[in-house]
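See structure below.
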Amino acid sequence: MRAVDITWGVPERVILKGVSVDCRPGTVTGLLGPNGSGKTSLLHVLAGLLRAQSGQVYVGERSLRELSSRDRARQVAVLEQHAVTGLDLPVRQVIELGRIPHRGRWPASRTEGRDAIDRAVRLAEVADLLDRRWQTLSGGERQRVQLARALAQEPEILILDEPTNHLDLGHQIDFLTTVRRLGLTVIAALHDLDLAAAFCDQLVLLQDGEVVASGDAAEVLTPATIHRVYGVQTSVGPHPESGRLHVVWHHRVPVGEFSEPVRSAAPR
Amino acid sequence: MSLALASRRAFGLGATGGLRAFGLGALLVGVLLVTVVMGVGIGSVPIPISTVLEVIAQRCGFGGEATLLDDQIVWQLRMPRVLGAAATGAALALVGVVLQSLTRNDLADPYLLGISGGAAVGAVSVLVLGVSVGGLLATTMLTLGSFLGALGALGAVLLLATGRAGDLPPARTVLAGVAVGQVCAAYTSFVTIMSGDQDAARRVLAWTMGSLAGLRWDSATLLVVVAVVASIAVLAFTSDLDAFAFGESAASSLGVSVNRTRWILLTGTALVTASLVAYTGAIGFVGLVVPHVVRLLVGPSHRRLLPLSALAGAILLVWADTAARSLIDGQEIPIGVVTAVLGAPVFAVLLRRERTR
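Just so you know, the sequences run in chain order P and E. Taking our numbering, I'd label the letters of the first sequence as residues 8 to 275. Taking our numbering, I'd label the letters of the second sequence as residues 193 to 549.
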């Protein structure tokens, strides 16, 4: 999936200012940035839920605009930040929603897509939740069920908007491990820099609707960049035990007063 | 594979919920048939069920010995009214389901959202302007006026209630609907009274609270056609409506053309409501209550919810109308009074749930 020079805004404000992102098939891309930097808007443009005012999104070789909404939904599945419903839905029916883009207009046999649903249930590890009702699920369980719904769409591209929000550390790791294992092209907005570094093949950092850095974790997550974007002084380096890139924050710094960190571990 | 399992597979009813819905559907079809026959029998002149069946058989060309008087009461007077009631109830329930799912609002219903009131405004305006031409043209004009009124009211409510983000907050939608509905009812009452009709007070009630007293075969046939067409058309939208469970953006991500679907369904809703209101006045609570009760029984999946709601709405309105015309000797209660007595308690429960959510 590739986005070229995307611009989008509301009448009062331009939210995305010429954003380009290139996600290679089968890789996980982490979308970082402070609140209000345009992450959700960009994800919605990539998913075809918002139409860019200028710029193009390509799925493979084809522009997203050429695809019908049904065809789009067969290739791109979305997990929104908040999945809210007032309905008392059984979990199984929530997952079956994922078959809608594959179904015809008139009610057809319920056996349609059974294999895809079984597979989604297995991959998202929700077999034990199937007989529960949506309203009784915990945050982590809801996230897994929505993942199963998205996988039932049999997409090539999975778009996740802060999927680890409201999850405890264990469930965050479980969820991202599951997502990584799928082998799909994944684009996920994330807040936790350590998790992003650990689970993503490439990172894209947004600030005020512009890409300020992109590349692998060590390129994007430097103390200077983090200071510029988040206004926080940090040390960044491989953790002595895990070996993974690790961000330690020291204190909030007003933008413009950046000084070299006291004990900076050099990036790889 | 057992026969039961095979038939379940064949009907696409994998889960037990599906089987239950299927059973409930069969039950409701039976109840509806019994309801129609009993509804025709009950009235100021009670007709035994055997006679009702005999008249129906005779009319269907199977022969019989029903008297002319029985035929007159059963076939000419009561049958169109009962069938019209069933059609109206079914269509109101369908409209209620569609509005509730589309606006994700538990309290959405054509009456509460002011659509019925707007339709009555249109219909009354056409009548007052005096369409003296008879037959098809008058019917068309009445329905058209009613449709424009319904669209106008719906447009006004959506305009008043839509938030900056394009959302429809439930409480504001209902407030806007009530406001628009009240203005419409005021206009309808005023115009009806000013038209100088001897019978003005009764006609005001008929428009604002509903009445099926005016149904004859021509209008009843139209209502049945509307109900049948609406039932079939709405089945094409079961998946789309299911997709709205988690909101518009989720529906869009599932491949539903949200704007087009919303536009088609809202216009269709206004059209159906308008056709009903032009002949029955504004009947409340059916579209609100029936979908909720059915949803409690079979869940929110529209392929079950829509047909079963239509059946339940039909049954409910036939009984409500039977009560309206036979509870008090020699006088009709507006049918809205009956549906309000049945529906208001359910409405109160829903309001409380809305508050705690």
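All C-beta atoms in this analysis are idealised placements derived from N, C-alpha and C, irrespective of residue type, glycine included.
Chain-order list of residues whose beta-carbon lies under 7 Å from that of residue i (same chain, five-residue window excluded)
i: P/A59; result: I13, T14, W15 and V52
i: E/A392; result: T384 and I385
i: E/W267; result: V247 and R251
i: E/I456; result: none
i: P/R79; result: G55 and L71
i: P/A90; result: R149 and Q153
Whole-angstrom C-beta distance between residue j and residue i, which should lie under 8 Å
i: E/L458; j: E/L299; result: Their Cβ separation, rounded to whole angstroms, is 16 Å, which puts E/L458 and E/L299 out of contact at 8 Å.
i: E/L519; j: E/I525; result: 6 Å
i: P/L165; j: E/A435; result: In fact, because the Cβ distance is near 18 Å, the residues do not count as touching under 8 Å.
i: P/V193; j: P/L212; result: Not confirmed; about 17 Å, so no contact.
i: P/L200; j: P/L39; result: 7 Å
i: P/V260; j: P/Q240; result: 5 Å
i: E/P302; j: E/T465; result: 4 Å
i: E/V318; j: E/L334; result: 5 Å
i: P/S86; j: P/L167; result: The sequence as given places Leu at residue 86 of chain P; Ser does not occur at that position. The pair is a contact, with the Cβ atoms about 5 Å apart (cut-off 8 Å).
i: E/L488; j: E/L216; result: About 12 Å; that fails the 8 Å criterion.
i: E/G505; j: E/L284; result: 6 Å
i: E/T430; j: E/L498; result: 6 Å
Cβ of residue i within 8 Å of any chain E Cβ
i: P/E161; result: no
i: P/E19; result: no
i: P/G93; result: yes
i: P/S76; result: yes
i: P/V85; result: yes
i: P/R149; result: no
i: P/A134; result: no
i: P/A127; result: no
i: P/A205; result: no
i: P/A59; result: no
i: P/S27; result: no
i: P/A123; result: no
i: P/A80; result: yes
Residue i versus the options, residue with shortest Cα-Cα distance
i: P/G55; options: P/V83, P/N42, P/P32 and P/D29; result: P/V83
i: P/G190; options: P/A204, P/Q179 and P/D208; result: P/D208
i: E/L305; options: E/G479, E/L415 and E/V533; result: E/G479
i: P/E68; options: P/S44, P/L23, P/L212 and P/R31; result: P/R31
i: E/V485; options: E/G522, E/T400, E/G535 and E/R454; result: E/G535
i: E/G288; options: E/G439, E/V237, E/L433 and E/S449; result: E/L433
i: E/I239; options: E/T259, E/G253, E/G222 and E/F477; result: E/T259
i: E/L269; options: E/G231, E/S501 and E/S242; result: E/G231
i: P/I22; options: P/L154, P/K46 and P/L202; result: P/K46
i: P/V17; options: P/Q100, P/E169 and P/G216; result: P/G216
i: E/G358; options: E/T332, E/R454, E/S411 and E/T331; result: E/R454
i: E/V533; options: E/A516, E/Q523, E/R544 and E/G522; result: E/A516
i: E/A282; options: E/V426, E/A398 and E/M271; result: E/V426
i: P/I102; options: P/I124, P/R81 and P/D135; result: P/I124
i: E/V229; options: E/S449, E/V510, E/G253 and E/V541; result: E/V510
Chain-ordered chain E contacts of residue i [CB-CB under 7 Å]
i: P/W113; result: L427 and A428
i: P/L210; result: Simply none; closest approach about 24 Å.
i: P/L56; result: S441, S444 and S445
Contact set for residue i: own chain, Cβ-Cβ below 6 Å, skip 5 residues either direction
i: E/L340; result: G314
i: P/L183; result: F206
i: P/A224; result: A204, L210 and L252
i: P/R77; result: P108
i: E/A279; result: L415, V416 and A419
i: E/A348; result: V372
i: E/D513; result: A277, L404 and I527
i: E/S467; result: T335 and V418
i: E/S387; result: V320
Cβ-based neighbour list, residue i, same chain, cut-off 8 Å, excluding 5 preceding and 5 following
i: P/R140; result: D95, L96, P97 and V98
i: E/G255; result: A249
i: E/L360; result: T295, R296, N297, L350, A353 and T354
i: E/V237; result: I265
i: P/K24; result: T14, D215, G216 and E217
Any C-beta of chain P under 8 Å from that of residue i
i: E/R212; result: no
i: E/V448; result: yes
i: E/P492; result: yes
i: E/S431; result: yes
i: E/A540; result: no
Partners in chain P for residue i, counting only beta-carbon separations shorter than 9 Å
i: E/D301; result: Result: empty, since nearest Cβ-Cβ is about 15 Å, beyond 9 Å.
i: E/D434; result: Q100, E103, L104 and I107
Chain P residues whose Cβ lies nearer than 7 Å to that of residue i
i: E/A437; result: T92, L94, L96 and L104
i: E/R296; result: G93
i: E/S501; result: The contacting residues do not exist; E/S501 stays about 15 Å from chain P at best.
Cross-chain neighbours of residue i in chain E, by beta carbon under 9 Å
i: P/R110; result: S431
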